[in-house]
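Sequential numbering of the sequence shown, starting at 261, is according to the working numbering.
Working notes, structure below.
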Amino acid sequence: MTDSFENLIAANEALKDEVAKRVSDLERTQSIAQISEENPNPVLRVSNTGEILYANQSSDVLLSQWQVEVGGCLPLEWCAVVDEALRGKTLEDREMACQDRWFSITVQPVVDAGYTNIFGRDITKDKEAEEIIVNFDDLTGLPNRALFQDRLQQVLGHARRAGKLAAVHLINLDHFKEVNESMGREAGDALLKGIANRFKDCVRTSDTVARLGGDEFGVIQVDPVNSDGVAVLAQKLLKCLEAPFEIDGRKVYSGASVGITVFPDDAGSPDDVLRNADLALSNGKGDDRGNFRFYVAQMNEDIQRRRSIEDDMRESLVNGDFVLHYQPKLNITTNRITGMEALVRWNHPEKGFMSPAEFIPVAERSKLIIPLGEWVLREACRHNKALTDAGLGPIKVAVNLSAEQFRAEGLVETVTSILDETCLDAKQLELEITESLAMHNADVSIDLCGALEEHGISLSIDDFGTGYSSLSYLKNFPVQRIKIDKAFVDDINDEENCGVIARAVTTLGHSFGMEITAEGVETEDQLNFLRALKCDEIQGYYFSRPLPGDELEEFLRNFEDTWAITLDQERRGGTFDRRQTEKVRSSL
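Here it is, written out as C-alpha cells:
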C-alpha cells in the first residue's frame with residue numbers, strides 16, 4: 261500500500277514537472293513568436309523537406325516572390341540551399357531580389373530539432389549605394405562610362421525598333437589641364453562640378469549626361485527630329501560654358517569641343533557610334549577648339565591616312581629624312597641680313613618632299629611634335645654655329661615652338677642643354693610662339709618667357725593680330741619682337757583695313773620697345789609701305805624663298821654684292837636694278 265502511494269506521488273510530481281516544462285516551452289515559443297512578429301525583417305522556419313512551418317509578417321515579400329504560402333514548399337533552388345545547410349553549415353549573405361527591394365538571406369539549421377531557420381535582412385539601401393558607386397561618378401554625381409554605355413545600348417535598341425534617331429555628343433574640355441596646373445586640383449574639381457550642372461540644365465530628362473573620365477563628358481540625345489535638332493543641342497552645350505565660373509574668388513573660363521554621331525545614319529552599333537563620335541571630336545579639335553563637328557565617312561579615310569603619316573614620321577625621325585630650310589630676314593633700315601627662320605621639311609623616302617601643312621598637324625596630334633621640335637631646335641643651332649664659324653655670321657636663327665613643346669615640362673632645360681651641346685651663343689637664338697599660345701594662361705606664359713630670357717634667349721610673338729591679345733598683358737611679356745602676320749601684309753595697301761592694323765601693330769610694338777618683323781612680303785609695294793611704317797625687318801619671297809642649308813650659305817656669300825647694293829640704291833631714290841636682284845635668285 262505504501263509503495264503504491266509513493267509511486268502515485270512520484271508520478272504526480274513527474275506530471276507536474278512535465279506540465280511546467282511544457283508551459284515554459286509554450287511561453288518561450290510564444291515569446292519567440294512575438295519577437296519574430298515584431299521583427300521588421302523576414303523570419304521563417306522550414307522543415308527538413310522544405311515545408312514552410314512558420315513565417316512572420318515581414319516575410320510576406322519573400323513568400324510573394326516565391327509564390328507560396330505557409331504550409332507550402334520552398335522553390336526547388338531554395339530547397340537545395342536548405343539541404344546544403346542541413347549538412348552542418350550555416351549559409352550567410354545569399355542575396356535575393358524581391359521586386360524593388362534586396363535581401364541578404366541567412367540559412368541556419370537546427371539539426372536536433374529537425375528544422376531550419378531562415379532570416380532575411382533588407383539591404384536595399386546598401387545596394388542602392390553600391391549602384392551609385394558602380395554606375396555614377398563620385399565627383400559630379402553624373403552617370404559614369406559604364407552606365408553611359410548601358411543606356412546607349414538601350415536607347416539605340418529603342419531607336420531601332422521605333423525607326424527613330426538617336427545622337428551621341430562627346431565633349432572634351434579645352435585646356436582643362438592648365439586649370440589644374442595653375443590653380444590646383446581642388447579648383448579643377450570645382451570647375452568639373454560646375455560644368456556638369458550646366459550640362460544637366462541643357463538636356464531633357466529623357467537624355468543622359470555622363471562624365472566619361474577626366475575632362476571628357478558624353479550626352480545621349482533621345483529621339484531628335486533631325487540633324488538640325490542635334491546641332492541645336494550641341495550649340496546649347498557650348499553656349500552654356502560661355503559665362504565664367506566663380507572659383508576661389510576668381511573668374512575661370514572654360515570652353516569645349518564636341519564630336520557628334522547620329523544613329524542609324526552614321527553607325528549601327530554602340531561601339532561604332534562611340535568610335536565615330538570620337539573621330540568627329542578629334543577632327544573638330546584639329547580645326548579649331550570651341551566648336552562641334554558631325555561625323556562623316558571621310559573621317560575614316562582621314563584617320564587611316566594620318567596613322568600612315570604618323571608611322572612614316574616615326575621611321576623618318578630615326579632615319580634622318582627631315583631637313584631644315586631657312587628663310588632669311590632683312591633689316592630694311594640697314595639693308596643687312598639680321599636673321600633667318602628655320603622651317604622643317606620632310607623628304608619622304610617614297611613620296612618626296614611633303615607639305616608641312618600635311619604632316620605638322622599629325623605631329624601635333626600624335627605628340628611627335630615634341631621629338632621633331634627638339635630635332636629642329638638642335639639642327640638649327642648646329643647649323644647657325646657652323647655659319648658663324650665660316651665667317652657668315654653672327655646672325656640670329658628663329659625656331660617655332662609648338663603648343664606641346666611650350667607646355668612640356670623642362671622646356672628651359674632642354675633649350676639651354678642644346679645651346680651648350682652646339683656651342684651656340686644664346687643671343688643667336690630666337691624662339692617664336694603664336695599670339696594665341698602666348699595669351700592662353702598668360703601669367704604662366706610670361707613666367708616661362710622670363711625664364712628663357714634670363715638665359716639670353718630672344719622671344720618673338722608670331723601671327724600677331726590674328727588673336728585677341730590683351731594689351732595689358734602684352735606690355736608685360738618679355739619678348740623682343742612682334743611679327744605681323746602674312747594675312748595683313750597681303751593687303752597692306754588697303755589703308756582702311758590691313759594697312760591700319762599693320763600701322764597699329766608697328767606703333768604699339770615700338771612703344772613697348774619691341775622690334776617689328778613683317779612676314780610674307782612678296783611685292784615692291786608692300787616693301788615700300790612697310791619701310792614708310794618704319795617696320796624693322798621683313799621676310800618673304802620678295803627677298804628670298806626658304807633655302808636649303810647649302811643654298812643659304814651661297815646666298816649669304818653673294819648678298820653683299822647684290823641685295824645690299826640694290827636695296828640701298830632704292831632707299832636713296834636711285835634706280836632699282838631688278839636684274840641684279842634676280843642674279844642671286846637665279847644662281848640658287
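For every residue, glycine included, the Cβ atom is placed at its ideal position computed from N, Cα and C.
In its own chain, which residues sit with a C-beta less than 6 angstroms from the C-beta of residue i, not counting the 5 before and 5 after it?
{"i": "residue 628", "result": "573"}
{"i": "residue 746", "result": "779 and 780"}
{"i": "residue 652", "result": "816"}
{"i": "residue 397", "result": "404 and 471"}
{"i": "residue 353", "result": "364"}
{"i": "residue 420", "result": "none"}
{"i": "residue 812", "result": "586"}
Cα-Cα, which of the options is closest to residue i?
{"i": "residue 531", "options": "448, 743 and 416", "result": "416"}
{"i": "residue 452", "options": "785, 434, 466 and 400", "result": "400"}
{"i": "residue 438", "options": "752, 749, 616 and 704", "result": "704"}
{"i": "residue 372", "options": "347, 380 and 356", "result": "347"}
{"i": "residue 599", "options": "509, 644, 481 and 419", "result": "644"}
{"i": "residue 700", "options": "307, 442 and 383", "result": "442"}
{"i": "residue 521", "options": "508, 537 and 659", "result": "537"}
{"i": "residue 735", "options": "774, 752 and 722", "result": "774"}
{"i": "residue 763", "options": "440, 724 and 799", "result": "724"}
{"i": "residue 594", "options": "794, 337 and 561", "result": "794"}
{"i": "residue 460", "options": "424, 565 and 498", "result": "498"}
{"i": "residue 614", "options": "584, 597 and 592", "result": "584"}
{"i": "residue 424", "options": "799, 378, 528 and 624", "result": "528"}
{"i": "residue 618", "options": "508, 568 and 681", "result": "568"}
{"i": "residue 579", "options": "557, 609, 570 and 502", "result": "609"}
{"i": "residue 427", "options": "456, 332 and 524", "result": "524"}
Give the DSSP-derived three-state secondary structure of residue i in the structure shown.
{"i": "residue 289", "result": "Since pLDDT at residue 289 reaches only 46, below the 50 mark, its modelled position is unreliable, and the value read off the structure follows with that caveat. It is helical."}
{"i": "residue 553", "result": "strand"}
{"i": "residue 597", "result": "strand"}
{"i": "residue 683", "result": "coil"}
{"i": "residue 721", "result": "strand"}
{"i": "residue 299", "result": "coil"}
{"i": "residue 748", "result": "helix"}
{"i": "residue 615", "result": "coil"}
{"i": "residue 824", "result": "Here residue 824 scores only 48 on pLDDT, less than 50, and its place in the model should not be relied on; the value that follows carries that caveat. In the structure shown, residue 824 sits in a helix (DSSP, three-state: H, G or I)."}
{"i": "residue 743", "result": "strand"}
{"i": "residue 480", "result": "strand"}
{"i": "residue 284", "result": "Low per-residue confidence applies at residue 284: pLDDT is 48, beneath 50, and the placement is therefore not dependable enough to give any value."}
{"i": "residue 530", "result": "helix"}
{"i": "residue 309", "result": "coil"}
{"i": "residue 690", "result": "strand"}
{"i": "residue 628", "result": "coil"}
Looking at residue i: is its Cβ nearer than 9 angstroms to the Cβ of residue j?
{"i": "residue 641", "j": "residue 590", "result": "no"}
{"i": "residue 304", "j": "residue 319", "result": "yes"}
{"i": "residue 519", "j": "residue 432", "result": "yes"}
{"i": "residue 849", "j": "residue 310", "result": "Because the chain here runs from 261 to 848, residue 849 falls outside it and cannot be looked at."}
{"i": "residue 693", "j": "residue 661", "result": "yes"}
{"i": "residue 741", "j": "residue 779", "result": "no"}
{"i": "residue 487", "j": "residue 554", "result": "yes"}
{"i": "residue 302", "j": "residue 328", "result": "no"}
{"i": "residue 393", "j": "residue 381", "result": "no"}
{"i": "residue 786", "j": "residue 752", "result": "yes"}
{"i": "residue 514", "j": "residue 436", "result": "yes"}
{"i": "residue 587", "j": "residue 412", "result": "no"}
{"i": "residue 717", "j": "residue 668", "result": "no"}
CB-CB under 7 angstroms to residue i, same chain, minus the five flanking residues each way: which ones, in chain order?
{"i": "residue 712", "result": "672, 675, 691 and 719"}
{"i": "residue 409", "result": "530"}
{"i": "residue 631", "result": "577"}
{"i": "residue 395", "result": "403, 404, 406 and 407"}
{"i": "residue 361", "result": "321, 382 and 384"}
{"i": "residue 315", "result": "304, 323 and 330"}
Considering just the uninterrupted stretch of the alpha helix (DSSP H) at residue i, what are its terminal residues?
{"i": "residue 368", "result": "From DSSP, residue 368 is part of no alpha helix (DSSP H) but of the beta strand (DSSP E) over 361 to 370."}
{"i": "residue 436", "result": "436 to 443"}
{"i": "residue 358", "result": "Unbroken run through residue 358 is the beta strand (DSSP E), 351 to 358; no alpha helix (DSSP H)."}
{"i": "residue 779", "result": "Unbroken run through residue 779: none, as it is neither H nor E."}
{"i": "residue 757", "result": "Neither: residue 757 is in no alpha helix (DSSP H) and is coded neither H nor E."}
{"i": "residue 650", "result": "Neither: residue 650 is in no alpha helix (DSSP H) and is coded neither H nor E."}
{"i": "residue 487", "result": "487 to 499"}
{"i": "residue 523", "result": "Per DSSP, residue 523 belongs to no alpha helix (DSSP H); it is in the beta strand (DSSP E), 515 to 523."}
On the DSSP letters alone, give me the boundaries of the beta strand (DSSP E) that residue i sits inside.
{"i": "residue 334", "result": "From DSSP, residue 334 is part of no beta strand (DSSP E); its letter is neither H nor E."}
{"i": "residue 737", "result": "Element bounds for residue 737: n/a, residue is neither H nor E."}
{"i": "residue 580", "result": "That residue, residue 580, is in no beta strand (DSSP E); it is neither H nor E in DSSP."}
Return the chain-ordered list of same chain residues with a C-beta closer than 8 angstroms to the C-beta of residue i, the five sequence neighbours on each side being excluded.
{"i": "residue 291", "result": "Confidence in residue 291 is poor, its pLDDT being 43 and thus under 50, which makes the residue's placement too unreliable to answer from."}
{"i": "residue 345", "result": "351, 367, 368, 369 and 376"}
{"i": "residue 494", "result": "429, 518, 520 and 552"}
{"i": "residue 300", "result": "318 and 382"}
{"i": "residue 476", "result": "430, 431, 432 and 433"}
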